[in-house]
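Step one of this worksheet: look at the structure below.
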Amino acid sequence: MSEKAVSITVYGKVQGVGFRYHTRKAAQRFGVNGFVKNQVNGTVYVEAEGDELAVDLFCEWCKKGPDWARVDRINICDAGVKDYSGFEIR
Numbered sequence: 009m010s011e012k013a014v015s016i017t018v019y020g021k022v023q024g025v026g027f028r029y030h031t032r033k034a035a036q037r038f039g040v041n042g043f044v045k046n047q048v049n050g051t052v053y054v055e056a057e058g059d060e061l062a063v064d065l066f067c068e069w070c071k072k073g074p075d076w077a078r079v080d081r082i083n084i085c086d087a088g089v090k091d092y093s094g095f096e097i098r
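Right under this line is the structure:
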């Protein structure tokens with residue numbers, strides 16, 4: 009399988025609702041590496057990489073997020089693979 013890397017910006021009610029914690033859990037479930045962090049503008053920023061199918065499934069999860077979050081929109085861009093080890097909250 010080929011490797012895929014993306015950067016994701018998630019807009020909506022995504023801070024203060026456990027979005028980063030559940031994003032890390034989803035990444036671990038799908039076998040995706042990278043990180044997630046809050047941005048000062050109220051968005052959540054994610055860098056994710058791994059098997060192409062795993063990253064695609066992870067991106068689909070990010071479009072919904074956890075039940076108590078409200079994702080208004082998501083911006084996904086292709087990125088270069090950075091060989092992250094694991095998935096962390098920053």
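Be aware that the sequence shown starts at 9, since it is given in our numbering, and climbs by one per residue.
From the three backbone atoms N, C-alpha and C, an ideal C-beta is built for every residue, glycine too.
Cut-off 8 Å between Cβ atoms - residues of its own chain near residue i, not counting five sequence neighbours on either side
i: Y92; result: N41, G42, F43, E55, E57
i: W76; result: V25, G26
Terminal residues of the beta strand (DSSP E) in which residue i lies
i: A62; result: Per DSSP, A62 belongs to no beta strand (DSSP E); it is in the alpha helix (DSSP H), 60–72.
i: T99; result: An answer regarding residue 99 cannot be provided, because it is not within the stretch 9 to 98 covered by the chain.
i: V44; result: 41–46
Where residue i falls: helix, strand or coil (DSSP)
i: K90; result: coil
i: D80; result: strand
Burial state of residue i, where buried means 16 or more other Cβ atoms lie within 10 Å
i: G73; result: buried
i: I82; result: buried
i: I16; result: buried
i: R28; result: buried
Contact set for residue i: own chain, Cβ-Cβ below 6 Å, skip 5 residues either direction
i: Y53; result: T17, K45, Q47
i: L61; result: none
i: R78; result: G20, K21
Span of the alpha helix (DSSP H) around residue i
i: A2; result: Any property of residue 2 remains undetermined from this structure, which presents the chain solely from 9 to 98.
Close-in-space but distant-in-sequence residues of the same chain around residue i (CB under 7 Å, 5 per side omitted)
i: W69; result: A34
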